[in-house]
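Below is one structure, written out as structure tokens; the observations come after it.
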């Protein structure tokens with residue numbers, strides 16, 4: 001660009017930042033951001049949101065919040081990225097506190113603000129704040145509430161939210177029905193999952209069945225459903241996550257290790273609970289070196305958090321290998 005006399009603009013750097021974000025490369029994002037600062041290019045809202053989303057995903061919500069608060073004026077979209085980051089960390093209190101700071105700073109919340117809040121905060125508090133700000137609840141907000149219920153296994157709350165939706169004239173969509181089924185799957189209620197999903201055989205539905213069988217303790221049926229899934233779909237990280245959990249709970253270290261190996265070989269990205277399950281598996285197997293390898297894998301994905309580090313340290317000490325704790329290299 002420079003050789004041809006064309007100077008890069010904010011859009012150029014935004015494209016680079018997005019490229020590095022998709023590859024999980026925080027260093028590349030920071031270099032692009034600093035290059036903008038050196039050239040005195042004012043970052044637009046898209047660039048700011050990519051930076052905050054990257055920090056929240058790869059470095060943690062605290063780092064994203066510090067950057068957000070250091071900027072004199074931020075849009076609702078920027079605040080929403082950090083609220084979402086705390087939501088991914090399941091930190092309801094911080095998500096709520098950040099929303100209050102956002103309102104106090106004079107930024108008007110949008111529908112998406114409440115979608116992000118609904119993913120982690122209590123439905124009653126979200127609806128109350130929506131009334132305060134004269135924003136009517138939409139299907140997207142209710143779907144996010146269902147997502148929260150699915151995450152925490154709150155099946156009865158999911159039914160109550162469904163009743164609220166219907167009373168407001170909003171019919172649950174297919175994706176909302178899936179979230180209700182996931183809430184029941186969390187408790188191993190296979191019957192209710194079947195009543196919600198029926199004969200659906202898409203990837204998400206089959207993953208939900210696998211989760212339900214896993215929680216019910218029926219590993220053989222989970223494996224059977226997994227084999228059916230393989231005939232129709234390419235499994236994703238959720239598929240392998242549920243299978244790893246099923247084998248881990250059944251005490252089948254070999255099955256869990258095989259599922260984890262396939263997950264990594266396919267280039268899929270494990271989420272935190274997969275690493276937690278593998279810590280349990282390798283601890284039970286007495287595999288101290290394997291525990292170190294799990295932490296290295298997590299670090300590469302920006303998931304080497306304190307929540308993972310604590311059980312690994314405890315496992316190493318329990319296995320009589322406390323000296324290996326020094327080999328853990330948190331960022």
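Residue numbers (full-length UniProt numbering): 1 to 331.
We put the CB at the ideal spot given by N, CA and C, even for glycine.
Does DSSP put residue 324 in a helix, in a strand, or in coil?
Note: residue 324 maps to helix in three-state DSSP.
Nearest to residue 97 by CA position, among 179, 247, 126, 290, is which residue?
126
Specify, as a first and last residue, the run of the alpha helix (DSSP H) that residue 157 falls within.
155-167
Which complete alpha helix (DSSP H) runs does the UniProt repeat "PPR" (75-109) hold, if anything under 4 residues is left out?
76-88, 92-104
Hey, how far is the Cα of residue 1 from the Cα of residue 27?
Note that residue 1 scores a pLDDT of 49, beneath 50, so its modelled location is shaky; the value from the coordinates is reported in the next line. Each residue's alpha carbon lies about 22 Å from the other.
Taking just the CA atoms, how far does residue 299 sit from residue 331?
For residue 331, the predicted model reports a pLDDT of 45, less than 50, meaning its position is unreliable; a value from the coordinates is still stated below. Distance between residue 331 and residue 299, taken at the CA atoms: about 8 Å.
Contact between the stretch 157-164 and the stretch 185-200: three or more CB pairs below 8 Å?
The answer is no - the stretch 185-200 does not touch the stretch 157-164, with fewer than three Cβ pairs under 8 Å.
Go to residue 211, then tell me how far its alpha helix (DSSP H) extends in each direction, as first and last residue.
203-216
From residue 171 to residue 158, what does the alpha carbon distance come to, in whole angstroms?
14 Å
What three-state label does DSSP hand residue 28 in the structure shown?
helix
Taking 7 Å as the threshold (C-beta atoms), are residue 51 and residue 82 in contact?
No; because the gap between Cβ atoms is not below 7 Å, this pair is not in contact.
Since residue 246 and residue 279 are thought to touch, with beta carbons under 8 Å apart, how far apart are those beta carbons, to the nearest angstrom?
Incorrect: roughly 16 Å between the Cβ atoms, too far for contact.
By a C-beta neighbour count over all protein chains shown, 10 Å radius and 16 as the cutoff for buried, is residue 9 buried or exposed?
exposed
Take every Cβ of the stretch 31-42, pair it with every Cβ of the stretch 62-75, and state whether three or more of those distances are shorter than 8 Å.
Segments in contact, no.
I need the straight-line Cα distance from residue 103 to residue 294, nearest angstrom please.
41 Å
What's the C-alpha gap between residue 62 and residue 56?
8 Å
Report the three-state DSSP secondary structure of residue 331 (helix, strand or coil).
Low confidence applies to residue 331: its pLDDT is 45, below 50, so where it sits in the model is not reliable enough to give any reading.
Going by DSSP in three states, residue 260 sits in which element: helix, strand or coil?
helix
Round the Cβ separation of residue 328 and residue 312 to the nearest angstrom and send it over; I've been treating them as touching at under 8 Å.
About 7 Å separates the beta carbons of residue 328 and residue 312, which is inside the 8 Å limit, making them a contact pair.
What do you reckon, are the CB atoms on residue 188 and residue 216 nearer than 7 Å?
Yes, Cβ-Cβ distance for residue 188 and residue 216 is below 7 Å.
With a cut-off of 8 Å on the beta carbons, I'd call residue 237 and residue 258 a contact; round off their distance for me.
Not a contact, Cβ separation roughly 15 Å.
Thinking residue 120 and residue 148 are a contact (beta carbons under 8 Å), I'd like their distance in whole angstroms, please.
6 Å
Return the residue from the list 7, 142, 240 that minimises the CA-CA distance to residue 169.
142
Measuring CA to CA, which of 18, 100, 255, 134 is closest to residue 79?
100
Going by Cα to Cα distance, which pick from 254, 271, 305 is closest to residue 287?
254
Residue 47 and residue 12 - do their beta-carbons sit closer together than 7 Å?
no
When you compare only the Cα positions, how much space is there between residue 229 and residue 35?
46 Å
Could you check whether residue 155 and residue 183 sit closer than 7 Å to each other, using their CB atoms as the reference points?
yes
Taking all protein chains shown into account, do 16 or more other C-beta atoms lie within 10 angstroms of the C-beta of residue 20, making it buried, or fewer, making it exposed?
Around the Cβ of residue 20, a 10 Å sphere holds 16 or more other Cβ atoms; the residue is buried.
Work out the CA separation of residue 114 and residue 239 for me, nearest whole Å.
29 Å
May I have the straight-line CA-CA distance separating residue 235 from residue 116, to the nearest angstrom?
Taken atom to atom, the span from the alpha-carbon of residue 235 to that of residue 116 is near 27 Å.
Tell me which residues share the same chain as residue 251 and place their Cβ nearer than 8 Å to its Cβ, disregarding the 5 neighbours each side in the sequence.
Excluding residues within five positions, the ones whose Cβ falls inside 8 Å are 284.
Taking 6 Å as the cut-off, is the C-beta of residue 89 nearer than that to any heavy atom in the ligand MG?
In the structure on display, the ligand MG does not appear, and there are no ligands present to speak of.
If you run the structure through DSSP and keep just helix, strand and coil, what is residue 298?
In this structure, residue 298 counts as helix in the three-state DSSP scheme.
With a Cβ-Cβ cutoff of 7 Å, do residue 85 and residue 118 count as a contact?
Contact flag unset, no.
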